[in-house]
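Student: Structure below; questions to follow.
In the working numbering, the protein residues as written are 72 to 249.
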């Protein structure tokens with residue numbers, strides 16, 4: 072297993088894995104497969120060149136991808152956003168996703184990031200369990216965050232405090248525990 076930041080030479084492999092995720096699990100991604108298909112190579116290359124995208128390789132093939140974007144606004148520079156995060160199903164439950172996530176969290180910590188935040192569809196129980204097992208905590212719900220096939224979907228907002236120094240207000244943590 073190799074975990075690394077992707078670069079512009081990974082464009083084709085990145086698109087293959089990204090398209091695989093969008094096709095198999097369209098509700099788990101912000102973009103639709105059609106939107107991704109018309110996203111220019113130049114735009115994808117920009118993200119790859121910026122170092123936002125990570126990958127996990129097995130047997131010389133890219134089998135998982137993830138994004139980690141540090142916030143650029145001065146007052147938000149202590150945080151980064153994780154996502155999308157995807158490992159092909161045939162490579163899941165082998166520790167690849169956990170290893171990639173751990174490496175990305177270590178990288179964020181080394182850059183002075185204090186917390187990593189993400190959004191996940193509140194019906195995606197497997198992803199929520201994955202993030203909770205890694206130490207992410209829920210801190211909110213974004214109602215109607217996206218519309219899929221004309222139906223509203225909610226996103227659970229989660230964070231990982233790299234300095235382990237965050238406390239949720241009691242009423243919110245009680246409400247999310249239900």
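The beta carbon of each residue, even a glycine, is placed where N, CA and C say it ideally should be.
Whose C-alpha, out of 189, 201 and 102, is nearest the C-alpha of residue 212?
Tutor: The shortest Cα separation from residue 212 among 189, 201 and 102 belongs to 189.
Student: Apart from the five residues on each side of it in sequence, which residues of its chain come closer than 7 Å, Cβ to Cβ, to residue 112?
Tutor: So the qualifying residues of the chain are 82.
Student: I need the boundaries of the beta strand (DSSP E) containing residue 186, first residue and last residue.
Tutor: Here the beta strand (DSSP E) through residue 186 covers 186 to 192.
Student: Give the single residue among 123, 158 and 199 whose Cα lies nearest to the Cα of residue 175.
Tutor: Among 123, 158 and 199, the Cα nearest to that of residue 175 is on 123.
Student: Can you look up residue 92 in the DSSP assignment and give me helix, strand or coil?
Tutor: The answer is helix: DSSP assigns residue 92 an H, G or I state.
Student: Check the DSSP bridge columns for residue 156 and list the partner residues they point to.
Tutor: Answer is 137, bridged to residue 156.
Student: From residue 196 to residue 158, what does the alpha carbon distance come to, in whole angstroms?
Tutor: Each residue's alpha carbon lies about 16 Å from the other.
Student: By the three-class DSSP mapping on this structure, what secondary structure does residue 75 have?
Tutor: Of the three classes helix, strand and coil, the one that applies to residue 75 here is strand, per DSSP.
Student: Taking Cβ positions, are residue 199 and residue 187 nearer each other than 7 Å?
Tutor: The answer is no: Cβ separation not under 7 Å.
Student: Quick one: Cα of residue 85 to Cα of residue 220, how far?
Tutor: Their Cα atoms are separated by approximately 26 Å.
Student: Do the CB positions of residue 170 and residue 73 come within less than 7 Å of each other?
Tutor: No; because the gap between Cβ atoms is not below 7 Å, this pair is not in contact.
Student: If you follow the beta strand (DSSP E) that residue 209 is part of, which residue opens it and which one closes it?
Tutor: Taken as a continuous stretch (DSSP letters only), the beta strand (DSSP E) holding residue 209 covers 208 to 219.
Student: Please report the straight-line C-alpha distance between residue 153 and residue 100, rounded to a whole angstrom.
Tutor: When rounded, the distance between both Cα atoms is 12 Å.
Student: Assuming the contact rule is C-beta atoms closer than 8 Å, residue 162 and residue 134 should be a hit. Round their C-beta distance to whole Å, please.
Tutor: Contact holds; Cβ gap of about 4 Å.
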